[in-house]
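Numbered by UniProt numbering, the letters in the sequence shown go through residues 1 to 586 in order.
Input: a single structure, listed below in structure tokens.
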Amino acid sequence: MPPKKAVVQEKVLLGRPGNNLKSGIVGLANVGKSTLFQAITKSSLGNPANFPYATIDPEEARVIVPDERFDWLCEHYKPKSQVPANLTVYDIAGLTRGASTGAGLGNAFLSHIRAVDAIFQVVRCFDDAEIIHVEGDVDPVRDLTIISEELRIKDIEFVEKALESLNKQTKRGGQSLEMKKLREEEATVAKVLQFLKDGNDVRKGDWAPKEVEVINPLFLLTAKPVVYLVNLSEKDYIRQKNKYLPKVFEWIQKNSPGDPLIPISVSFEERLAAFGDDAKAAEECKALNTKSALPKVIVTMRQVLNLASFFTTGADEVRQWTIRKGTKAPAAAGVIHTDFEKTFIQVIVYNYTTLREYGDEAAVKAAGKIMTKGKDYVVEDGDILLIKAEKPSDRPVDLSIAYHKMFKKDIPPSGRSKVKSSVQRGLRQKLLDTYPGFEPYIDEILPKKSQLDAVKLPDRATLYTIESTPLFYQPMDGPPIPHLKLLHSYPDALPTVQIDRGAIRFVLSGATLMAPGLTSPGGRLPDAEHALEKGQVVAVMAEGKEHACMVGPLKVGTEEMKEKKKGVVMDEGHYLGDGLWKMHLD
């Protein structure tokens, strides 16, 4: 009788199981965290200043992940829409000695770290008498030790509380399965506590899958992966020499072996960002015989988070989707739409490297390199997928429950941040590129010397205003969308469609806009010569009304609407009376 095959136990990763993971920029006060945040996110959020604790509440932004595979696919397919992968980054307030006992911003700071999934730890390795150091002088080894110890001390506190709670439960005794499980958890938590007290970080332990399942709900600070960013002066970064670097490298080798170390000059990155133009920044790097470290920083963080990408491609859209390594095909399909995971049938797959090698899909198919896989297929980094799932029922949409998601609810007041002049110029140009109809009025709408402000909205969108006047909002994906108040002032700036009287009450209640409201006698669509395409942002007029009642991107083109006369036309947008319309900006 042949021996039984050994069962291979799947490795369970420390951290949250998911693909929407967050990274936090952490370090002592005044080491360059907020300036790095602004450079890496190309935003004016964050609060760089020459005094400790200038940042209190964490700022959040999304960073596009540089990937030559995505760039090549976009060049190859020349799609109408390009959606790259992104990474969410937080700027977290500066830590200080004694934070674990409440010093500085203390517990608030540590709770902000607890909420992220990985850490960019910024270490100051430059001398500058004008920039205050919270400890009095520059000593990166001391700074690394302070942060390491503060995080570990706080973890010990978390774990002691968890163990105390488990001890109370196991004292009841008994032989039930529940009690057996509690005793196993108690033993694991006791083991973690001793590991921490021995001076170790949890991420460096060799934990069994069952132990990881106990550790993950504790959200321990030292369980999070760390990328060390050594902040140099511009001069040291360009010449690739620094007196502190060998000591930092030695500390990491001894105390945090295997964790990435990346030299960076935050002041240099800030200067490159100020160009507001990637081409000019590239010229500056070429002249100095160096390059920006930011792409390496972003890619490295994705690697330590065990993230990978797959692509969906075509003439309409090339999109890069983020998954955890080891994700199976149904779960990957669920990243695109949750229904696809439930109704998954199979996936047609080939890898980017295969497409690049053979040149086009026809050649890949001719070479027999296109595969059809089922539910057990583990998606590989760089796979190009075509998901096949069961078709949902074609039942009619109930307008009473099919609502615009973004601004259905009232939006609470939100703080404003000033937009940098370089970013403001870019936004001004982006608005003109997307909506040429605003060009005759752009100096009235957004004068060059005016100050644009950014206001956070739900779903990671941002509203841009001048004083209390709303101009446009930028969703997480897609083009900027003009505010209805701007459209009411400049009604001919956007192409328009018209809904009939019967559809008005549905639209103003937040219901999804359906084709019958536009194709009925009271509706109006442009003629074939002026047809509007899927994805184009339009103003929706209402029969008998003077002003637009809604604005947003079309789900289908106007010629298709005329042909089918049914289906969803617009399900994301801004309408009269929604939370954005009623939002107080004074």
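Note that CB positions come from ideal geometry on N, CA and C, so glycine has one too.
#### Entry: Own chain, CB closer than 6 Å to Pro140, minus 5 neighbours either side, in chain order
Correct list, in chain order: Val123, Cys125, Tyr244, Val248.
#### Entry: Residues of its chain near Ala273, where Cβ-Cβ distance is below 8 Å and the 5 sequence neighbours each way are ignored
Closer than 8 Å at the Cβ level, and outside the excluded window around Ala273, lie Gln38, Ala39, Lys42, Ala281, Ser422.
#### Entry: Residue environment, Asp394, which counts as buried when at least 16 other CB atoms sit within 10 Å
Confidence is the limiting factor: at Asp394 the pLDDT is only 41, short of 50, which leaves the residue's position unreliable, though a coordinate-based value still follows. Burial call: exposed.
### Query
Looking only at its own chain, which residues have a Cβ that is under 8 Å from the Cβ of residue 605, when we skip the five neighbours before and after it?
Coverage of the chain is limited to positions 1 through 586, which leaves residue 605 absent and any answer about it impossible.
### Task
Have a look at Gln175 and Leu307 and give me their C-alpha separation to the nearest angstrom.
Roughly 41 Å separates the two Cα atoms.
### Cβ shell of Pro66 (< 6 Å), same chain only, five flanking positions each side left out
Around Pro66: Pro295.
### Query
Per the contact definition of three or more C-beta pairs closer than 8 Å, is the region 511-524 in contact with the region 465-475?
By the Cβ criterion, the region 465-475 is not in contact with the region 511-524, since fewer than three pairs of Cβ atoms, one from each stretch, lie closer than 8 Å.
### Task
For the alpha helix (DSSP H) containing Leu486, list its first residue and its last residue.
484-489 is the extent of the alpha helix (DSSP H) around Leu486.
### Task
Might you give, ordered along the chain, the residues of its own chain that have their beta carbon closer than 8 Å to the beta carbon of Leu196, omitting 5 neighbours on each side?
For Leu196, the CB contacts under 8 Å within the same chain, skipping 5 residues up- and downstream, are Arg152, Asp155, Ile156, Val159, Val202, Thr222 in chain order.
#### Entry: Beta-bridge partners of Thr465, as assigned by DSSP
The beta-bridge partner set that DSSP reports for Thr465 consists of Asp453, Pro470.
### Task
Rank Gln320, Val379, Ala363 by C-alpha distance to the C-alpha of Pro330 and give the top, closest one.
Out of Gln320, Val379, Ala363, Val379 has the C-alpha closest to the C-alpha of Pro330.
### Message
Which residue wins for smallest C-alpha separation from Pro495, given the options Ala461, Gly552, Thr469, Lys449?
### Response
Among Ala461, Gly552, Thr469, Lys449, the Cα nearest to that of Pro495 is on Gly552.
### Stretch-stretch touch, CB-based, cutoff 8 Å, three pairs: the region 435-446 with the region 565-583
No: fewer than three Cβ pairs fall under 8 Å.
#### Entry: Among Val540, Glu543, Lys534, the one whose alpha carbon lies nearest that of Lys555
Per the Cα distances, Lys534.
### Message
Going by DSSP in three states, Gln169 sits in which element: helix, strand or coil?
### Response
Three-state result, Gln169: helix.
### Query
Tell me the DSSP bridge mates of Glu68?
Beta-bridge pairing links Glu68 to no other residue.
### Query
In three-state terms, what does DSSP make of Thr88?
Looking at Thr88 - three-state DSSP - the assignment turns out to be strand.
### Task
Keeping to the same chain, check which residues put their C-beta closer than 7 Å to that of Trp207; ignore five residues upstream and five downstream.
Excluding sequence neighbours, Trp207 sits near Ile215.
### Message
At the level of alpha carbons, what is the spacing between Asn86 and Phe310?
### Response
Going from the Cα of Asn86 to the Cα of Phe310 covers about 13 Å.
### Query
Helix, strand or coil for Glu317 per DSSP?
If DSSP states are grouped into helix, strand and coil, Glu317 belongs with the strands.
### Task
Taking only the alpha-carbon atoms, compute the straight-line gap between Pro516 and Ala293 and give it to the nearest angstrom.
Roughly 53 Å between the two C-alpha positions.
### Task
Could you pull the start and end residues of the alpha helix (DSSP H) that Met301 belongs to?
Start and end: 294-304.
### Task
Output the distance between the C-alpha atoms of Asp433 and Gly557, rounded to the nearest integer angstrom.
Going by the C-alpha atoms only, they are around 20 Å apart.
### Coarse secondary structure for Phe310, derived from DSSP in three states
Note: Phe310 maps to strand in three-state DSSP.
### Message
Quick test of the definition: if touching needs 3 or more C-beta pairs under 8 Å, does the region 337-345 touch the region 356-369?
### Response
Fewer than three beta-carbon pairs drawn from the region 337-345 and the region 356-369 are found closer than 8 Å, and the two stretches are therefore not classed as touching.
### Task
Answer with buried or exposed for His530, where buried requires no fewer than 16 other C-beta atoms within 10 angstroms of its C-beta.
Classification for His530: exposed.
### Query
Per DSSP, which one or two residues make a beta bridge with Phe344?
In the DSSP assignment, Phe344 is bridged to Ala389.
### Query
Is the region 311-330 close to the region 452-472, with three or more CB pairs under 8 Å?
Between the region 311-330 and the region 452-472, the count of C-beta pairs closer than 8 Å stays below three; the two stretches do not touch.
### Task
Classify Gln253 as buried or exposed, calling it buried when 16 or more other Cβ atoms lie within 10 Å of its own Cβ.
Exposed, because fewer than 16 other Cβ atoms sit within 10 Å of the Cβ of Gln253.
### Message
Using the three-state DSSP reduction, which class does Arg16 fall into: helix, strand or coil?
### Response
In this structure, Arg16 counts as coil in the three-state DSSP scheme.
### Message
Mapping the DSSP letters down to three states, classify Ala332 as helix, strand or coil.
### Response
Three-state result, Ala332: helix.
### Query
Considering only C-alpha positions, which residue in the set Ser267, Trp581, Ala118, Gly437 is nearest to Asp127?
Closest option to Asp127, Cα to Cα, is Ser267.
### Query
Do you know how far the Cα of Met371 is from the Cα of Leu385?
The straight-line gap from Cα to Cα measures roughly 10 Å.
### Query
On the premise that Val349 lies in contact with Lys388, defined as a C-beta separation below 8 Å, what is that separation, rounded to the nearest angstrom?
Contact flag wrong, Cβ pair sits at about 11 Å.
### Task
Please go through the same chain and pick out, in chain order, the residues whose beta-carbon is closer than 6 Å to the beta-carbon of Gly567, but skip the five residues on each side of it.
Contacts found: Ala515.
### Task
Could you tell me whether the Cβ atoms of Ile481 and Glu543 are closer together than 9 Å?
No.
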